[in-house]
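Per our numbering, the very first residue in the sequence shown carries number 122; after that it's consecutive.
Beneath this line is the structure, given in structure tokens, with notes to follow.
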Amino acid sequence: MRISNIQIDIGLLWNEAEITGELAGEFDVDVTTLSGKLERFTAESRNFRARAPLTHKKRAFGIRLDESLSEERAQEILARALRVSGSFKGDVIEAGVRWSENLDGRIWWPVLAAGSLSDAEELLHDLRDKTNLEPLALSIVPMEDTREAPFHFTIGEMKFEAARVACIPRAKTIFHLDKIPIGRGFHWERKEKLSYRGQLHLFASPKQGLTAANRLPLETYLHSTVFSEMGADLPDAFLAAQAIAARSTVLATTGRHHRGDGFHLCNDDHCQCYQGVSREPNDIHPAIGETAGQILTHENKPADARYAKSCGGVSETYEAVWGGEGPAYLMSRPCGELTIGNLKDEKAASDFLHQKPAAFCNDDFYPYPERWNEERHFRWQRDYSAKELENIIQNKTGVEIGRLRELRPLVRGASGRILILEIIGSKRTLKLYRELEIRRALSSSHLPSSCFIIELQGKGPDRFTIIGGGWGHGVGLCQLGAVAMANQNMSTEKILDHYYPHTSLFTQT
Ligand SMILES: [Zn+2]
Ligand SMILES: [Zn+2]
Numbered sequence: 122m123r124i125s126n127i128q129i130d131i132g133l134l135w136n137e138a139e140i141t142g143e144l145a146g147e148f149d150v151d152v153t154t155l156s157g158k159l160e161r162f163t164a165e166s167r168n169f170r171a172r173a174p175l176t177h178k179k180r181a182f183g184i185r186l187d188e189s190l191s192e193e194r195a196q197e198i199l200a201r202a203l204r205v206s207g208s209f210k211g212d213v214i215e216a217g218v219r220w221s222e223n224l225d226g227r228i229w230w231p232v233l234a235a236g237s238l239s240d241a242e243e244l245l246h247d248l249r250d251k252t253n254l255e256p257l258a259l260s261i262v263p264m265e266d267t268r269e270a271p272f273h274f275t276i277g278e279m280k281f282e283a284a285r286v287a288c289i290p291r292a293k294t295i296f297h298l299d300k301i302p303i304g305r306g307f308h309w310e311r312k313e314k315l316s317y318r319g320q321l322h323l324f325a326s327p328k329q330g331l332t333a334a335n336r337l338p339l340e341t342y343l344h345s346t347v348f349s350e351m352g353a354d355l356p357d358a359f360l361a362a363q364a365i366a367a368r369s370t371v372l373a374t375t376g377r378h379h380r381g382d383g384f385h386l387c388n389d390d391h392c393q394c395y396q397g398v399s400r401e402p403n404d405i406h407p408a409i410g411e412t413a414g415q416i417l418t419h420e421n422k423p424a425d426a427r428y429a430k431s432c433g434g435v436s437e438t439y440e441a442v443w444g445g446e447g448p449a450y451l452m453s454r455p456c457g458e459l460t461i462g463n464l465k466d467e468k469a470a471s472d473f474l475h476q477k478p479a480a481f482c483n484d485d486f487y488p489y490p491e492r493w494n495e496e497r498h499f500r501w502q503r504d505y506s507a508k509e510l511e512n513i514i515q516n517k518t519g520v521e522i523g524r525l526r527e528l529r530p531l532v533r534g535a536s537g538r539i540l541i542l543e544i545i546g547s548k549r550t551l552k553l554y555r556e557l558e559i560r561r562a563l564s565s566s567h568l569p570s571s572c573f574i575i576e577l578q579g580k581g582p583d584r585f586t587i588i589g590g591g592w593g594h595g596v597g598l599c600q601l602g603a604v605a606m607a608n609q610n611m612s613t614e615k616i617l618d619h620y621y622p623h624t625s626l627f628t629q630t
């Protein structure tokens with residue numbers, strides 16, 4: 122399999138009762154009926170409509186106990202969990218894509234079946250509190266729903282009872298889809314008609330209604346998502362390193378977050394915001410173009426080369442943020458030639474956040490590029506009255522904690538990021554797991570990172586000051602650090618080797 126030939130499926134709409142749109146230009150249309158019969162015809166500039174009765178059957182959920190790089194480890198963890206709680210049913214689930222014999226993006230999840238979403242939430246709570254399973258590795262995952270359901274498909278004057286429809290462009294024609302939600306789940310969510318290049322696939326399942334997916338070459342997808350945001354004002358060595366990391370990560374994570382949905386990645390921020398041709402750049406920076414076909418690999422796997430805006434001085438490990446078995450190259454590393462104490466310790470974390478070590482992402486030493494210059498990313502501060510913070514916590518978690526007494530970090534990762542936080546109130550004590558949950562719960566939007574200390578003032582206490590470092594999860598490449606390295610004339614290879622040690626650059630010629 123050549124990397125340049127890889128195609129991926131992006132979910133554009135799902136859980137729909139009706140999908141409408143237009144094929145603008147010439148397309149080959151393949152309609153597969155439930156009995157497996159294939160009808161093939163050519164359509165030019167036609168409107169279409171797909172309709173499926175929404176059955177409102179609830180999807181089933183499970184608890185993922187771990188993410189393992191080998192099936193054996195996943196089996197062991199499942200067996201151990203089943204010994205503790207014999208009343209459960211469990212299975213090891215394979216996620217990710219095996220692109221070729223020597224490019225394997227698969228991982229394995231031991232999963233306990235839970236039932237409805239609220240059953241799963243209750244079970245998650247119990248497993249965290251009452252067992253010795255690794256609490257940060259536990260998460261709720263939807264169980265598979267791949268059974269196809271029939272739907273009505275109308276195109277021009279033709280009507281079909283279809284199981285699957287594929288529309289394949291004959292030339293560089295595009296298709297339009299109506300009512301694509303942008304910003305799902307946010308207060309500013311809106312729907313727009315958007316246009317796409319590549320193939321359109323329509324299918325339905327009993328529990329998820331209709332789905333529309335766009336099949337397109339990996340490189341085209343990367344150009345209209347990540348690469349389009351990478352401007353010419355950034356140094357070449359950084360742009361090339363970022364492009365290689367983004368390409369590797371897509372191959373490593375494809376199919377993991379939408380297992381059973383019938384597509385690889387969604388078009389929203391959950392995976393990567395993708396708006397079809399509206400975001401296609403006119404031209405791509407030559408430094409990015411030159412990386413076509415290049416990825417990082419580790420032991421025959423595409424490297425899951427994560428990146429974030431600023432590590433804050435030290436990068437975080439994969440397992441601290443997402444749980445499970447983290448790959449060896451996503452270890453914790455100082456961002457530069459620094460000696461750092463053990464930041465899992467409260468005192469060391471506090472000293473570290475009050476100091477400003479000469480890390481590559483510290484703008485006192487290495488000025489930020491203009492586009493990222495409005496915010497202080499290396500060290501930041503938020504001040505709240507006790508009342509303000511109580512309200513935010515109640516709004517975000519739905520738990521009434523009473524008077525806020527204390528925020529107590531229980532577990533910190535190697536970068537100082539808080540992984541488990543206890544919120545102590547006069548009525549309730551609440552535990553938050555995972556850095557993203559913690560960042561959400563303590564801000565009306567998001568805290569920049571969960572690497573922070575809390576300083577209290579007054580007897581109540583009346584005021585809470587949060588002093589933090591870094592922007593984002595801090596795993597893998599530190600974008601501001603990598604820009605500084607490139608500005609110091611360090612090469613793409615040197616940058617990648619610094620943030621992803623033990624990986625190799627794989628170039629397909
Ligand atoms: Zn997604
Ligand atoms: Zn950094």
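In this text, a Cβ means the ideal position worked out from N, Cα and C, and glycines have one as well.
Query                                                                                                                                                               : Result
Output needed for I365: all residues of its chain with C-beta closer than 8 Å, excluding positions within five of it in sequence on either side, in chain order.    : T412, Q415, I416, L417, A426, T613, L617 and L626
Could you tell me which whole beta strand (DSSP E) segments of length 3 or greater appear in the stretch 193-248?                                                   : 211-216, 219-221 and 228-236
I need the DSSP call for L601, collapsed to helix, strand or coil.                                                                                                  : helix
Going by DSSP, name the residue or residues bridged to I587.                                                                                                        : R503 and I575
Give the straight-line distance between the Cα atoms of S221 and S191, rounded to the nearest whole angstrom.                                                       : 17 Å
Return the chain-ordered list of same chain residues with a C-beta closer than 6 Å to the C-beta of I461, the five sequence neighbours on each side being excluded. : V435 and P455
Where does D250 sit, in a helix, a strand or coil, going by DSSP?                                                                                                   : helix
From H623 to Y450, what distance separates their C-alpha atoms?                                                                                                     : 6 Å
Looking at ligand 1, does it come within less than 7 Å of H378, judged from the CB to the closest heavy atom?                                                       : yes
Reducing DSSP to helix, strand and coil, say where T141 ends up.                                                                                                    : strand
Thinking just about the alpha-carbon of each residue, which of E215, L144, H308 and L542 is nearest to the one in D299?                                             : L144
Could you check if N388 is buried or exposed, using at least 16 other CB atoms within 10 Å of its CB as the buried criterion?                                       : buried
Considering only their Cβ atoms, is the gap separating S316 from I295 smaller than 8 Å?                                                                             : yes
Judging by CA-CA distance, which residue of T163, R172, E255 and H297 is the nearest neighbour of R185?                                                             : E255
Count Cβ pairs between the stretch 578-594 and the stretch 498-505 that sit closer than 8 Å; are there 3 or more?                                                   : yes
By the three-class DSSP mapping on this structure, what secondary structure does P290 have?                                                                         : strand
Report back the beta-carbon spacing between A480 and T518 to the nearest angstrom; my notes put them in contact at under 8 Å.                                       : A480 to T518, Cβ: 33 Å. No contact.
Does the count of Cβ pairs from the stretch 458-474 and the stretch 275-291 closer than 8 Å reach three?                                                            : no
Under the rule that 16 or more other beta-carbon atoms within 10 Å means buried, what is N483, buried or exposed?                                                   : buried
Report all residues from its chain with a CB closer than 8 Å to the CB of N126; omit the five preceding and five following residues, and keep chain order.          : P338
Going by beta carbon distance, what residues of the same chain come within less than 8 Å of R549, once the five residues before and after it are set aside?         : V520, E521, I522 and G523
Is C392 near ligand 1 - that is, is its Cβ less than 7 Å away from at least one heavy atom of it?                                                                   : yes
With distances taken Cα to Cα, identify the nearest neighbour of F182 among E265, L199, R170 and Q578.                                                              : E265
Mapping DSSP to helix, strand and coil, what is P256?                                                                                                               : helix
Looking only at C-alpha atoms, which of H419, A362, H246 and V532 sits nearest to M606?                                                                             : A362
Please check the pair P423 and S369, which I expect to be a contact at CB under 8 Å, by giving their CB distance rounded to whole angstroms.                        : 5 Å
Here's a check: name, in chain order, each residue in its chain whose Cβ is nearer than 6 Å to the Cβ of Q578, leaving out the five neighbours to either side.      : R584
What does N403 pair with, by DSSP beta-bridge criteria?                                                                                                             : Paired residues: none, contrary to the question.
DSSP three-state call for S156: helix, strand or coil?                                                                                                              : coil
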